[in-house]
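Note that the protein sequences, when read in sequence, are chains A and B.
Residues in the first sequence are numbered from 23 upward in steps of one, following our numbering.
Residues in the second sequence are numbered from 1491 upward in steps of one, following our numbering.
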Amino acid sequence: MSHIIILPILIPLITAAVSLLGWKKRIYQKNMGVVGAFLLLVVAVYLLMHVYRNGIIAVQMGSWIAPFGITLVCDLFSAIMVLLAAIIAFATILYSCFTVDKDRESFGYYPLMHLMMMGICGAFLTGDIFNLYVWFEVLLISSFVLLVLGGEKQQMEGAIKYVTLNLLSSTFFLVAVGILYGLLGTLNMADLAIKIKTISEPGLITLVSVLFLMAFGIKAAIFPMFFWLPASYHTPPVAVSAVFAGLLTKVGVYALIRVFTLIFIQDTEVTHSLILGIAAFTMVTGVLGAAAQNEFRRILSFHIISQIGYMIMGLGLFTKAALAGSVFYIIHHIIVKSNLFLVSGFAHKVKGSFHLSKLGDMYRDHPYVSIVFLVSALSLAGLPPLSGFFAKFILIKSALEVGQYGIVVVALIVGLLTLFSMTKIWQEVFWKKMEGSKPVLSSVSGFALSGMFIPMVWLALMTVCIGFGAQFVFGLSLQTAEQLMDPTSYVAAVLQSQQ
Amino acid sequence: MSFWLAIIVGVLYSAGIYMMMRRSVVKLIIGLALLSHAANLLIFTGAGIVREKAPIISKFQETVSNNADPLPQALVLTAIVISFGVLAFALVLTHRAVESVGTDDLDQMKETDT
């Protein structure tokens, strides 16, 4: 039964391959895209339930026993991330059906989306650090193409920055893997966790860990390596922005949490304090950058950065409760942030702009969309009883428990500034009376608008459900954090599953 | 031998970073290519270089001693293939970018920045 772990990688691959068979059939590719995303969602739900009940599962590819072959591992953290990826993939692919133009669709938009999902799921499930590099490249190359698909001038400029800095981070990652292999002679993450305890030069390990921090840090957009993100995320179609915003930086955060809980835990004084400091700077710079912006998607892009700060704050504190907070925050953030991007796309569709000054009257014309936005925005800012409140509450409580008052102050102030940004959007886009002539929007049908509305409502309902079911989600996060803090069960599952 | 290879890796890195700091897009791509070469050479060197001992073990031999490690070479091979593909993409991207922006000066491509 443990072979179910391969399915989140296989389903997107097969979907992409089958859709590519009908290159000229746009409708066919669209349908395949939706069906594939739905199957992925079903499998992801099942995988999480399976791991929740039966513990960590590991599979050795090609039956080569553990440290030699390539291992796929699924613990609770991986399963949660795969489920979140599947949710976002399904929501955005549904949304794409009504928003993406014909040109992009006929150049393989849906197959590319699925190839990227394959890379993302692969990165979440692999148990081998070089394999992680390969999955990163798979998702990167698909994201490159998705970013430039359409070939507008802005997209090209944004893509150059995105491509350069991500390739740079891949090089760092590769170097770090190479040095780690030179030191320890293994690439399997569970095996690394054992062998790293026997190393005679702890200084070298700390050095390598900082290289990993830089490599994953660029991908996760932490301070001061985030500049590619606000320069590129607002250029592609909204559905693409939403997937990128929800998932790509979180792959970096996932990798950070994975290696800094499993492998590099012998010198937490240096590494985790460094991460905590970076977390504070990331939060502050992100939220200040957002305050200075006047474009819908750029504000949201800067908020991604500040939210990344919260996620790695839990890692920096490195207690069980704090890690649970990080996991909770990731769950909350992926859903909320993607939804906010979807709302920005809706506003663009009906009002014809992303600039706050050219938008307005949304509340009068589309009250239900406004409610969806309000739920997500207030959740992002952390107002009870929505999901963001509990995520921040857990993180701040655990920071107080270990006496890190500085980070508590920063987190609270940043929360307040987030609220300020969100009210700015609300004020400008939803409440303000629109000036000047109305743009001509004959091309938007009511059918397309209601189609766009469905995934938005779905994600907003999930935010509310996480808020009201916080106890269950927190229990799940706490269990995840337990597995992360005590890697013995992970190591045992990998090294003993000889199939 | 390792010493000289380490020096070469260093030179490749500094040359790559220097090229990336230039304003021309084409030099940026050359810089990226140099960086990936440096990374590959570093993996190759870092895993230890063994001379004239191929990792082929006879049937009767029970232990492996001082043989070359084949894994880093497999890693480098994978990395080369990946960086080749990605660089090809980056070249096409810069070509298109230069066409649509009308300049190859990176300092002029700041419309999407803040």
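Idealized CB from N, CA, C, for every residue including glycine.
By the criterion of at least three beta-carbon pairs nearer than 8 Å, the region 62 to 81 of chain A is in contact with the region 512 to 519 of chain A.
Pairing A369 (chain A) with F286 (chain A) gives a Cβ-Cβ distance that is not under 8 Å. About 5 Å separates the CB atoms of V349 (chain A) and T502 (chain A); that is less than 8 Å, so the two are in contact. F376 (chain A) and T485 (chain A) have their C-alpha atoms roughly 24 Å apart. In the DSSP assignment, T148 (chain A) is bridged to A:L94. Excluding the 5 residues flanking it on each side, R48 (chain A) has same chain C-beta neighbours closer than 8 Å at K124, E127 and S128, in chain order. For the pair of segments examined, the region 286 to 301 of chain A was found to touch the region 225 to 240 of chain A: the number of CB pairs separated by less than 8 Å reaches three.
Contacts with chain A at 8 Å (Cβ-Cβ) include V1576 (chain B). Membership of A80 (chain A) in the beta strand (DSSP E) is indicated by the continuous run I79 to Q82.
Under the criterion of beta carbons closer than 8 Å, G268 (chain A) and S360 (chain A) qualify as touching, at roughly 4 Å. Residues of chain B with a Cβ closer than 9 Å to the Cβ of S254 (chain A) are, in chain order, T1602. The three-state secondary structure of H256 (chain A), taken from DSSP, is coil. At a beta-carbon threshold of 8 Å, none of the residues of chain B lie near K380 (chain A); the nearest stands roughly 18 Å away. Counting along the chain, E317 (chain A) sits inside no alpha helix (DSSP H), nor does DSSP assign it H or E at all.
Between the alpha carbons of F1493 (chain B) and I1533 (chain B) lies a distance of about 14 Å. Contact between the region 236 to 250 of chain A and the region 203 to 210 of chain A is not established, with fewer than three Cβ pairs separated by less than 8 Å. Within a 10 Å sphere around the beta-carbon of N188 (chain A) sit 16 or more other beta-carbons, which makes this residue buried. Contact check between the region 387 to 394 of chain A and the region 328 to 342 of chain A: fewer than three CB pairs, one atom from each, fall below 8 Å, which does not count as touching.
For P1545 (chain B), no alpha helix (DSSP H) encloses it, and the DSSP letter there is neither H nor E. Excluding five sequence positions before and after P1560 (chain B), the CB atoms of its chain that fall closer than 6 Å to its own CB belong to P1545, given in chain order. Of A:Y385, A:V160, A:G149 and A:L147, the smallest CA-CA separation from M135 (chain A) is found for A:V160.
The criterion of a C-beta distance shorter than 8 Å is satisfied by V104 (chain A) and P30 (chain A).
Distance from the CA of S1573 (chain B) to the CA of Y155 (chain A), rounded to the nearest whole angstrom, comes to 12 Å. Counting the other CB atoms within 10 Å of its CB gives G172 (chain A) a total of 16 or more, which places it among the buried residues.
Proximity of the region 320 to 328 of chain A to the region 340 to 354 of chain A falls short of the contact definition, fewer than three beta-carbon pairs being nearer than 8 Å. In the structure shown, H72 (chain A) adopts helical secondary structure according to DSSP, grouped into three states.
Taking I1570 (chain B) as the centre and dropping the five residues before and after it, the same chain places the C-beta of N1530 closer than 7 Å to its C-beta, in chain order. Leaving aside the five residues that flank V1499 (chain B) on each side, the residues in its chain whose CB is nearer than 7 Å to its CB run, in chain order, A1528, L1531, L1532 and T1535. Comparing alpha carbon positions, the residue from A:L471, A:A413, A:M507 and A:S420 closest to F490 (chain A) is A:A413. Counting C-beta pairs closer than 8 Å gives fewer than three between the region 1497 to 1515 of chain B and the region 138 to 151 of chain A, which falls short of the contact rule. Taking each of A:V430, A:F452 and A:V479 in turn and checking the Cα distance to V358 (chain A), the smallest one comes out for A:V479. At a C-beta separation below 9 Å, L189 (chain A) has these neighbours in chain B: L1522, L1525, S1526, S1573, V1576, L1577 and A1580.
Cβ contact annotation for F194 (chain A) (same chain, cutoff 7 Å, sequence separation greater than five): L233, M236 and A237, in chain order. Taking 8 Å as the cut-off, the beta carbon of L278 (chain A) is found closer than this to the beta carbon of A242 (chain A).
Closer than 8 Å to the CB of S1590 (chain B) there is at least one CB belonging to chain A. Residues of the same chain with a CB within less than 6 Å of the CB of T283 (chain A), apart from the 5 flanking positions on each side, are L506 in chain order.
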